[in-house]
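The block underneath contains the structure these notes are about, expressed in structure tokens.
Protein chains: 2
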Amino acid sequence: MDFGTETIRAAAERIHGRVRRTPLLSSPMLDEATGATVLVKAEALQLTGSFKIRGALNVLLSLTDAERDAGVLAFSTGNHGQAVAASARMTGSRATIVMPQDAPRIKVDGVRWWGGEVVFYDPAAQDREVVGRDLVAERGLTLVHPYDDVRTMAGQGTAGLEILDQLREGGHAPDAIVLPCSGGGLASGVLEAVRSEVDAAPFVVEREGYPKMARSLATGRVQQVPAVPAFLDAIGSPTVGESTLAALSRHPVTALELSDDQARLAMREAFRTLKLVLEPGGSAALAAVLARRDRFAGKTVVVLASGGNVDASVYSEVLADATPG
Amino acid sequence: MDFGTETIRAAAERIHGRVRRTPLLSSPMLDEATGATVLVKAEALQLTGSFKIRGALNVLLSLTDAERDAGVLAFSTGNHGQAVAASARMTGSRATIVMPQDAPRIKVDGVRWWGGEVVFYDPAAQDREVVGRDLVAERGLTLVHPYDDVRTMAGQGTAGLEILDQLREGGHAPDAIVLPCSGGGLASGVLEAVRSEVDAAPFVVEREGYPKMARSLATGRVQQVPAVPAFLDAIGSPTVGESTLAALSRHPVTALELSDDQARLAMREAFRTLKLVLEPGGSAALAAVLARRDRFAGKTVVVLASGGNVDASVYSEVLADATPG
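Read top to bottom, the protein sequences are chains A and B. Start counting at 1 in the first sequence, then tack on 15, and there's your number in our numbering. Start counting at 1 in the second sequence, then tack on 15, and there's your number in our numbering.
And the structure:
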């Protein structure tokens, strides 16, 4: 696997000016709530409402004209799907997005808004990879993998290059960096970018009871878990990638688990202290810092808030629910 | 009145490094919803959740040591109050904040979090200026006026200097700039800063039926309206300032009015398209652009989103309510 800082820098040049430089937010109230100094990379403010546009656009811009003309396909609960639909639109391609029937409405609407064609599947009965690969064969499309592709990983890593700049600008020296983990594309890209210059302990966060990355890292082989409950759809991948596992294995990664209630608490804290809308999975890293004072109190911690695509009805319920995490 | 770009630049130097440079956000979905190219200066992401810290901190840093030692007072529904409490804390002073009994809970909590002492009054029976001035006399405090003070206006104007930088960085040439208007401190400061370099038509937005600034500008004298309904508390001042009126009179300002429902729609659009939490008054400028396609369609418009301090219960109700604006 040819994957390193140079790959990520090349991706950054490729997508420059087409994606946002998202801010690194902080709040004294959030610092009080966590006991730490928390720096939040607000990828919810990214174009399409999540970091996924970074990787998807890097892939689309790496295709041949013939591949772009034939069209692309992605399977996704929605953030990668919106990103691929947007990237296809921005590069003159067409996107087919395979989504579970129970995907958040705002994500389905988002894919369609960007001109993507939505193909639903039944997550209880069908494997999204099989549905996707069948369509790829049938329609002559190019699959844009949500994580297990060096071009995707490098694109996601561009968020890490921005974090490096922002740490320098703010004069911060973080002790830890905490990233949500679904298939591992974001974590592998950002850690590769950041850890070349910053000696911060790396953490990834998975759904409680579904530690596919923890097990994969422990065994050195890609592991599978059952389908993750839908609430945390953004970190819902039931497995990781060969490439992402190989890349993450280079770092001394600690995997943490979070519960739905911990994510809810983090969403409320982001609302109260940052004025930032986070979706459940997008709050995973912040949730871990709120829940694990034993790990993070007294530390300077970079947290990546990966997305904000949440239905208004779900968000209202979360705000109304004051159950402590 | 000695008020101009130099005053604002001096304020920017004074508060530099203590307040945030907030991002200028945009969204293709928001552009579609408005028919315009909208650039949103996200002051909800400012320290204390609104732009008010800019002016309050500039005042606190302009006081004598003796004045700071004796303490300061502000009357406010909460954004100015939080800003004065935070500024007092940051400069070693103490703040007393006079607030209406029905102020949003999140704002009362915010004032107290920053160490401010809250004194409630009954907005139906008492005049906040009288309550405030009595306490000032009694306790030997310095009043930090929410708008009618050149130091406050200059501090708010620092948001305008950032907008200028951000317009240059993005290569944008706006046709219009739209600002919420309560007492006029923000509008007078930002217009003074921006219009020295950018020829954008200036708009201010007030609550429908309570056009104190429109009437003041039309008559050339400070006008009063009855107390504005509490939902839009952030633009709730029933009057304007002598200084703010004088400063705004230098510009060809058009005053627009908005309804509560238009503010609700704008809050939902900010949630959906920007992932930004806005309070009702904080959404006023965006609401005007959404509501007035006749004015803004096809234009590049800078909108200042002034604050995000809204109670979770109110926010949930707004998200649940799909009444079109």
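All residues carry an ideal CB built from backbone N, CA and C; glycine is no exception. Keep in mind that this is a model prediction, so the values were computed, not measured.
Approximately 4 Å separates the beta-carbon atoms of SER252 of chain A and SER197 of chain A; this is inside 8 Å, confirming the contact. Per DSSP, the beta bridge partners of PRO195 of chain B are B:VAL220. Within the stretch 256-290 of chain B, the residues whose Cβ lies closer than 8 Å to any Cβ of chain A are, in chain order, ARG283, PHE286, ARG287, LEU289 and LYS290. Residue state for GLY322 of chain B is assigned as strand, using DSSP reduced to three classes.
Annotation: the continuous beta strand (DSSP E) that includes THR111 of chain A extends over 110-115. A check of alpha carbon separations from ASP137 of chain B across B:ARG120, B:TRP129, B:GLN116 and B:ARG148 identifies B:GLN116 as the nearest.
Counting only Cβ-Cβ distances below 9 Å, LEU40 of chain B has contacts in chain A at ARG35 and LEU60, in chain order. In the displayed model, LEU158 of chain B falls within a strand according to three-state DSSP. Your pair GLU58 of chain B and ALA174 of chain B checks out as a contact, with CB atoms roughly 6 Å apart and the cut at 8 Å.
For TYR330 of chain A, the C-beta contacts it makes with chain B under 9 Å involve PHE286, TYR330, SER331 and LEU334, in order along the chain.
Closest by C-alpha distance to GLU144 of chain B, out of B:LEU334, B:PRO161, B:GLY107 and B:GLY296, is B:PRO161.
Under the three-state reduction of DSSP, SER258 of chain A is assigned to helix. The criterion of a C-beta distance shorter than 7 Å is not satisfied by ALA98 of chain B and THR49 of chain B. Under the Cβ criterion (8 Å, minimum of three pairs), the stretch 241-256 of chain A does not count as touching the stretch 207-215 of chain A. Straight-line spacing of the CA atoms in ASN73 of chain A and LEU206 of chain A works out to 18 Å. In terms of beta-carbon proximity, VAL292 of chain B lines the interface with chain A, with at least one pair separated by less than 7 Å.
Annotated three-state conformation of GLN277 of chain B is helix, per DSSP. Exposure of SER264 of chain B is indicated by the presence of fewer than 16 other C-beta atoms within 10 angstroms of its C-beta. Taken residue by residue, none of the stretch 159-189 of chain B has a beta-carbon sitting less than 7 Å from a beta-carbon on chain A. Listed along the chain, the chain A residues whose CB falls inside 7 Å of the CB of GLY323 of chain B are LYS290. Using a Cβ-Cβ cut-off of 8 Å, ILE30 of chain A is close to nothing in chain B; its nearest Cβ partner there is about 16 Å away.
Counting of Cβ neighbours within 10 angstroms places GLN239 of chain B among the exposed residues, the total staying below 16.
Contact note: ILE121 of chain A reaches chain B through ARG287, using a C-beta cutoff of 9 Å and chain order. For MET44 of chain B, the chain A residues whose C-beta falls within less than 7 Å of its own C-beta are TRP128, listed in chain order. Membership of LEU176 of chain B in the alpha helix (DSSP H) is indicated by the continuous run 165-185. Excluding the 5 residues flanking it on each side, GLY19 of chain B has same chain C-beta neighbours closer than 7 Å at GLU207, in chain order. In terms of Cα proximity to ASN324 of chain A, the closest of A:ILE112, A:MET44, A:VAL292 and A:GLU332 is A:VAL292. Distance from the Cα of LEU182 of chain A is smallest, within the candidate group A:VAL318, A:VAL237 and A:ARG287, for A:VAL318. Listed along chain A, the residues sitting closer than 8 Å to GLY64 of chain B by beta-carbon distance are LYS290. When rounded, the separation of the alpha-carbon atoms in ILE250 of chain B and GLY32 of chain B is 28 Å. In its chain, beyond the 5 residues on either side, ASP163 and VAL237 have a beta carbon closer than 7 Å to the beta carbon of GLU257 of chain A. Leaving aside the five residues that flank MET168 of chain A on each side, the residues in its chain whose CB is nearer than 6 Å to its CB run, in chain order, GLY200, SER203 and GLY204. The beta carbons of THR254 of chain B and VAL165 of chain B sit about 18 Å from each other, so the pair does not count as a contact at 8 Å. Within 8 Å of the CB of ALA327 of chain B, the CB atoms of chain A belong to ARG283, PHE286, ARG287, LEU334 and ALA335, in sequence order along the chain.
Fewer than three Cβ pairs drawn from the stretch 220-231 of chain A and the stretch 120-130 of chain A lie within less than 8 Å of each other, which leaves the two stretches out of contact. In summary, GLU47 of chain A is exposed, with fewer than 16 beta-carbon neighbours lying within 10 Å of its beta-carbon over all protein chains present.
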